[in-house]
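>
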Amino acid sequence: MRFNAILRASASAAVLAACAAGAAQAQTAAPPRSDNSVDAIIVTAQRRAQNLEDVPIVVTVVSAQQLRDAGVKDIKDLTILTPGLTVTSTTSETVTTARIRGIGTVGDNPGLEASVGVLIDNVYRPRNGVSFGDLGEIERVEVLKGPQGTLFGKSTSAGVINVLTALPKFVFGANAEVTAGNYGAFGGSASVTGPLVEDKLAGRLFIGARKRDGFYDVNVGSGPRTLKEDQNQEFATIRGQLLAKPTPDLDIRAIVDFTTRDESCCVAVQLNTGFNNGATLSRNTILNQVHPGATGVVDPYARLAYSNRPTDQRVTDFGGSIETNWRTPWGGALTAITGLRNWRSINGQDSDFSAADLLYRPTDGRNGVAFRQFSQELRYSGEIGRLNYLVGAFYANERLIREDTLLYGADLYSYFAGRVLGGAPGLIGVTPGSALQTDGGIQDHYQQNDDTTALFTNDTFAITNKWDVTFGLRYTNDHKTLDEGFHTTGGTCTQGQAGYAGLVRAAGAATAAAVTGGLCLTFTNQQFDNYHFQQRKLEDQLSGTLKSSYRFTSDYMAYVSYAHGYKAGGFNLDRTQQTVITATGPTFVPVQNTSFKPEKADSYEVGTKLQFLHKSLLVNLTAFYQTFDDFQLNIFLGTSFTVKDIPRVNSHGADLDIYWRTPIEGLSFSGGLTYADTQYSDTRPNDPDFKLPPAGSVVGGALYRLPGTRISFAPLYSTSFSGTYEHALFGDFVGRIHADTKYTSGYNTGSDLQPLKYQKNFFLVNARIAIAPKNDRYSIELWAQNLLDKGYKQVAFNGTLQGTETDAPSIRTYEAFLGAPRTFGATIRAKY
C-alpha cells in the first residue's frame, strides 16, 4: 500500500509538472557553440574542484545526461559506463559487490569491508550493498581507480565510487518522469527545487517509486512458497534537501532521505548436476529420488528456478547529513560533514535452491543484517604561495548486527542422513525423531562495533608553473569488537562423535570418519551452544600517496604516482570450526578466533592526459602495477563460508579513457578500455585447502587451483563505449540517439576457479531514442537495456550439500545467479 501511494503521488506530480511545462513560456535556447571542444569536466578527486585533465589520478566521470541516457538507477547499472568496473549480487540484491581492475570483496560475509568504497554526497557507506538503491537526481559520478588511502572516508584497496547528487537551486524548477516497460515495469518520479527565502535558503524534494515483475519463473513444488516468479522489484524513496547561504562565505546543506524495498530475491539456476552418474549417483539424482521434481532439466537461460521457500527481502534505509562550508577570514575553507545512516535488511532464502525442502532462512525477521553508522569529517584547505594544502580528520562509529538463522526442512534427514550418508546415522541412534527435525536449526547472533579515527593531509606544491608534486598521508586507527552467541536445535554432531567407535566396528574407520564429518557440519554442531565469544581487533595503519605531474603544454600533461591503501581486517561472521583428532576419534571444535588480516595495496602508475583537435578529443592513458598483500578471499565451500588471507595478488595493465566531440554536429563519443592481468602469486600457502590433487586424481584441496592463476571476477579486457547523435527534425523538434556498449573478456565467477564456473566473453548493449522540442521542456524516449538479450553468469557456486571440490566430480552440482535479461520500455519526461 505504501508503494502504491508513493507511486500514485509520483505519477500525479509527473502529470502536474508536464502541464506546468506546457503552460509556461519557452526558455531561450542556449546559444550555439563557437567550436566543438569538450566542455571542462570538473571533478573532486582531490577534494577540490579541478579540471579532469589536471588531476594525476585515473578517474572515469559519468555526467547526469550519461546516467539518464544509460538508464542508470543504482551503482549496479554503472558497469556498462565504466571500463574495469564489475558489480555483482548474489543471495540478495543487498549483497552487492563492486570490483575495479578485478579487485573486490568476494562473498556474502558482512564482516568484510568493501575493496571499492562508495560515498554519496561525501558520506561514506559501510558496505556496497548498503549503497544499493535509487540514486535520485545525480550531478555526476566519479569512479576513482586504484588504492584510495587518503581522502575518502575509510581507506580502500581498489578504488572509490563517488556519487554527487544535484544541489537545491535558487531558481524555481520542476521535473518529472513516468516509465513503463516489459515484465510489468512501471514507475515514476518527480522533483521540485527553488528558493524558500530569497538568496538565503533553497530546497529540493525528490520522490520516486518503481515496480516490476520478476525475471524468473519459479517451480514452488509443494511449498509453502506460493509466488511463482522471482527478482521482482517494489521500491519507493523520498529525499529532501535544504541549502542555506546565511552569508556570502557560509553555506550549509542538509539532506534527509528514506527508502524502502519489498521484493523477492534471489533464486539461482542450475549449471551442472554431475559430470556423469557412473557408479556413484550424483547428489542431484539423489535429491530427486527423495523429493521428485526437486529440480528439472539443466537449462540456465530458460530462467526457470526451483524454490519451495519464500525469498522475500524487506529493506529500509534512512538517514541524513549536514555539510557546512565556510570560507574563513584567514584565506582557507573549513568543511564539516556529519552523517547518520540506519539500514536494515530482512531476508528469506531457499538455501538449497531446489523444490526439495532441505534448508531455508525464514522471512519473519529472524534472519537479516542491520547497519547503523555515525560519521564526522572535518577538512581545512587553502593556498599559501605555491602550496595548495588540505588537512583533515575523520571519525566513524559503525554498529553491525547480523541475525543468522538457518533452519532444517522436512526433506533434510531423508536426503542427507538417509541417502548421502547411506543411513549410517541410524546405527548410532540419529533417527528422524531425534535430530534434523523440521524447523530445527541454528539461530546465531553477531554484534560488531567498529570505531575508525583518522588524521590526513593532501598537499600539492607547484615547483614551477608546469611541475606539481602532491603528497598525501593518512593515519588510521581502527578498533573492532565482536560479540557472538550461538544456538542449535536438532543438531547431530554430539551423537556423531559419541558413536564414532561403534561406527568403526560396524562399517570401518573410513566410513566412520565420513559419517561423523557429515554429522558435524557447522550448522549441526551443538558444541557451539552456550558459547559466547568476544573478539577484539585493533589496527593502526599509515596510507597515502606521492605524485608528480608535469604539464608540457596546455594540451599535454604527464604524471607518475605511488599510492598505498588498505582495507581493514575483521571477523568471519559465520560459524568456524576445526577438526581435532583424538584417541577416541575426531572432534569438531568451534574456533574462537575468526579474525583476518587487513588487505594492503601498493600501486604504481605512469599516465598522460592529452587534448587534440582544439580540445575536441581528450585521451587519458595510464599504465599501472599493483600488489595486494593478505588479499581477503571469502569462499562458500558448499556448506559454510570461510575467509582466507591470500599472501599476494599482483596486477598490471592499463586504463584508457576518451571523450570526443566529433566534427559532425551533434555526434559525440566517450568511453574507455581497461586491461588488467590480475593474478594470485604462485606461492602455495601451508593450508590443506590449497593442497594439490595426488597423482591420478582430480580431487585436491578446495582452493588448489588458485596459485599462479588469474583471480575470479578479473577479466583481462573490459571496454565501455557510448555514442550520442542529436539532429534537428521537423519544426522545433530534435531527435537524440544514444547507445552504450560493454565488452568483457572471459573470467571465472567462482572463488575456487572451478572451470564450470567460467563466464566466457560477452557484449552488452543499451540503447535509447528520444524526441524533444529544442527548449527541452519534455521528451518521449524509447529504451532497451541488454538489447541483445545476452545471458551471462554473475556468480556461480557449489550447490548446498550437493558436493564440494573435495568430492568426486561425478556427484557435484553447480548453480548460478544470472545477469538481467533484455528489458525495454518508454519514458516520458517533463521539466520546468
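Numbering (our numbering), first residue to last: 171 to 1002. We put the beta carbon where it would ideally sit given N, CA and C, even for glycine.
1) Suppose you measure from the CA of W830 to the CA of H649; what does that come to, to the nearest Å?
2) Within its chain, find whatever has a CB closer than 7 Å to the CB of T757; leave out the 5 residues flanking it on each side and keep chain order.
3) Using CA atoms only, rank isn't needed, just tell me which of G410, N567, R453 is closest to I133.
4) In its own chain, which residues sit with a C-beta less than 8 Å from the C-beta of L899, not counting the 5 before and 5 after it?
5) From the DSSP output, in three-state form, read off Y829 for me.
6) I'd like the list of long-range same chain contacts for R374, defined as Cβ closer than 6 Å, with 5 residues on each side in sequence excluded.
7) Looking only at C-alpha atoms, which of D725, Q955, E433 sits nearest to L788?
8) Just to check my reading of the structure: I408 and F428 have Cβ atoms closer than 8 Å, yes? What is that Cβ distance to the nearest angstrom?
9) Would E433 pass as a contact of D387 if the rule is Cβ separation under 9 Å?
10) With distances taken between CB atoms, is the gap from K963 to K1001 smaller than 9 Å?
11) Got a sec? Which residues, its chain only, sit under 6 Å from N647 by beta carbon, not counting five neighbours each side?
12) What separation, rounded to the nearest whole angstrom, lies between the Cα atoms of V265 and Y578?
13) Go through its chain and collect everything with a Cβ distance to P885's Cβ below 6 Å, but skip five positions before and after it.
14) Give me the DSSP bridge partner(s) of V265.
15) Pull up the distance between the alpha-carbon of L743 and that of D946, whole angstroms please.
16) Considering just the uninterrupted stretch of the beta strand (DSSP E) at R380, what are its terminal residues?
17) Is E223 helix, strand or coil when you go by DSSP?
18) Just the C-alpha distance for T261 and T919, rounded to the nearest angstrom, thanks.
19) To the nearest angstrom, how far is the alpha carbon of Y774 from that of T681?
20) Work out the CA separation of I612 and R745 for me, nearest whole Å.
21) DSSP on P756, reduced to helix/strand/coil?
22) Does the contact criterion of 3 or more C-beta pairs under 8 Å hold for the segment 347-356 versus the segment 380-397?
23) Identify, in the order they occur along the chain, each residue of the same chain with its Cβ nearer than 8 Å to the Cβ of L971, setting aside the five sequence neighbours on each side.
24) For the candidate residues M727, G735, Q696, A728, whose alpha-carbon lies nearest to that of T715?
25) Is P595 helix, strand or coil by DSSP?
26) Classify W500 as buried or exposed, calling it buried when 16 or more other Cβ atoms lie within 10 Å of its own Cβ.
27) Excluding the 5 residues flanking T575 on each side, which residues of the same chain have their C-beta closer than 8 Å to its C-beta?
28) Counting only runs that start and end within the segment 352-439, where is the beta strand (DSSP E) found for 3 or more residues in a row?
29) By how many angstroms is the C-alpha of V288 removed from the C-alpha of S327?
30) Check whether the Cβ atoms of F801 and T764 lie closer than 9 Å to each other.
31) What's the C-alpha gap between G660 and L504?
32) Taking 6 Å as the limit between beta carbons, can you name the residues of its chain near R514, skipping five residues before and five after?
33) Are the segment 211-218 and the segment 317-337 in contact at 8 Å, needing three or more beta carbon pairs?
34) Apply the 10 Å Cβ neighbour rule to K243 and answer buried if 16 or more other Cβ atoms are within range, or exposed otherwise.
35) Check whether the segment 816-827 touches the segment 843-852, counting contact only when three or more Cβ pairs, one atom from each stretch, lie closer than 8 Å.
36) Quick one: what does DSSP say P817 is sitting in, helix, strand or coil?
On the basis of the data shown:
1) For the purposes of this step, residue 830 is taken as residue 660 along the sequence shown, with counting starting at 1. For the purposes of this step, residue 649 is taken as residue 479 along the sequence shown, with counting starting at 1. Take the alpha-carbon of W830 and the one of H649: they are about 47 Å apart.
2) Position 587 of the sequence shown, counted from the start, is the residue given in the question as residue 757. Exclusion of the five residues before and after T757 leaves Q667, V750 as the residues of its chain whose Cβ lies within less than 7 Å of its Cβ.
3) The structure shown does not extend to residue 133, since the chain is modelled only from 171 through 1002, so no value can be given for it.
4) Residue numbering aside, residue 899 sits at position 729 when the sequence shown is read from its first letter. Excluding positions up to five away in sequence, the list reads G905, I941.
5) Residue 829 sits at position 659 when you count from the first residue of the sequence shown. Three-state DSSP puts Y829 in a strand.
6) For the purposes of this step, residue 374 is identified with residue 204 of the sequence shown, where counting begins at 1. Excluding positions up to five away in sequence, the list reads P338, T363, Q411.
7) Mapped onto the sequence shown, residue 788 falls at position 618. Measuring from the Cα of L788, the nearest candidate turns out to be D725.
8) Along the sequence shown, one-based indexing puts residue 408 at 238. Along the sequence shown, one-based indexing puts residue 428 at 258. Contact flag correct, Cβ pair sits at about 5 Å.
9) For the purposes of this step, residue 433 is taken as the residue at position 263 of the sequence shown. For the purposes of this step, residue 387 is taken as the residue at position 217 of the sequence shown. Result no, Cβ atoms of E433 and D387 do not sit closer than 9 Å.
10) Here residue 963 corresponds to residue number 793 of the sequence shown, with the count starting at 1. Here residue 1001 corresponds to residue number 831 of the sequence shown, with the count starting at 1. Cβ atoms of K963 and K1001: not closer than 9 Å.
11) Along the sequence shown, read from residue 1 onward, the residue named residue 647 stands at position 477. Result list for N647: T623, D710, in chain order.
12) The residue given as residue 265 occupies position 95 in the sequence shown. The residue given as residue 578 occupies position 408 in the sequence shown. Answer to the nearest angstrom: the Cα atoms are 23 Å apart.
13) By one-based count along the sequence shown, residue 885 stands at place 715. Cβ within range, chain order: T914, S915, Y917.
14) Reading the sequence shown from its first residue, position 95 is the one you call residue 265. V265 is not bridged to any residue.
15) For the purposes of this step, residue 743 is taken as the residue at position 573 of the sequence shown. For the purposes of this step, residue 946 is taken as the residue at position 776 of the sequence shown. Rounded to whole angstroms, L743 to D946 spans 51 Å at the Cα level.
16) Locating residue 380 in the sequence shown gives position 210, where the first residue counts as 1. From DSSP, the beta strand (DSSP E) with R380 extends over 371-382.
17) Along the sequence shown, one-based indexing puts residue 223 at 53. Of the three classes helix, strand and coil, the one that applies to E223 here is helix, per DSSP.
18) Within the sequence shown, residue 261 is the residue found at index 91, counting from 1. Within the sequence shown, residue 919 is the residue found at index 749, counting from 1. Distance between the alpha carbons of T261 and T919: 14 Å.
19) Residue 774 sits at position 604 when you count from the first residue of the sequence shown. Residue 681 sits at position 511 when you count from the first residue of the sequence shown. Each residue's Cα considered, the two are about 54 Å apart.
20) Indexing the sequence shown from 1 puts residue 745 at position 575. Indexing the sequence shown from 1 puts residue 612 at position 442. Their backbone Cα atoms lie some 10 Å apart in a straight line.
21) Position 586 of the sequence shown, counting from 1, holds the residue named residue 756. P756 falls in the strand class under three-state DSSP.
22) yes
23) What you label residue 971 is simply residue 801 of the sequence shown in a count that begins at 1. Answer for L971: R453, D522, L528, L529, Y585, F586, V590, G808, T809, listed in chain order.
24) Along the sequence shown, read from residue 1 onward, the residue named residue 715 stands at position 545. The shortest Cα separation from T715 among M727, G735, Q696, A728 belongs to G735.
25) Working through the sequence shown from its first residue, we reach residue 595 at position 425. If DSSP states are grouped into helix, strand and coil, P595 belongs with the helices.
26) As a working note, residue 500 is residue 330 in the sequence shown. Burial call: exposed.
27) On the sequence shown, residue 575 is found 405 positions in, with the first residue counted as 1. For T575, same chain residues with a beta-carbon under 8 Å away, outside a window of 5 residues either side, are R531, P532, R536, N537, G611, I612, Q613, D614 in chain order.
28) 355-367, 371-382, 386-389, 403-417, 420-434
29) Within the sequence shown, residue 327 is the residue found at index 157, counting from 1. Within the sequence shown, residue 288 is the residue found at index 118, counting from 1. If you draw a straight line from the Cα of S327 to the Cα of V288, it comes to about 12 Å.
30) As a working mapping, residue 801 is identified with position 631 in the sequence shown. As a working mapping, residue 764 is identified with position 594 in the sequence shown. Their beta carbons are not under 9 Å apart, which means F801 does not touch T764 by this criterion.
31) For the purposes of this step, residue 660 is identified with residue 490 of the sequence shown, where counting begins at 1. For the purposes of this step, residue 504 is identified with residue 334 of the sequence shown, where counting begins at 1. Put simply, the backbone Cα of G660 is about 59 Å away from that of L504.
32) In the sequence shown, the residue the question calls residue 514 occupies position 344. Its chain contains T486, A540 as the residues whose beta carbon lies nearer than 6 Å to that of R514, once the 5 sequence neighbours on both sides are disregarded; these appear in chain order.
33) yes
34) Sequence index remark: in the sequence shown, residue 243 carries index 73 (1-based). Buried.
35) yes
36) Position 647 of the sequence shown, counting from 1, holds the residue named residue 817. Strand at P817.
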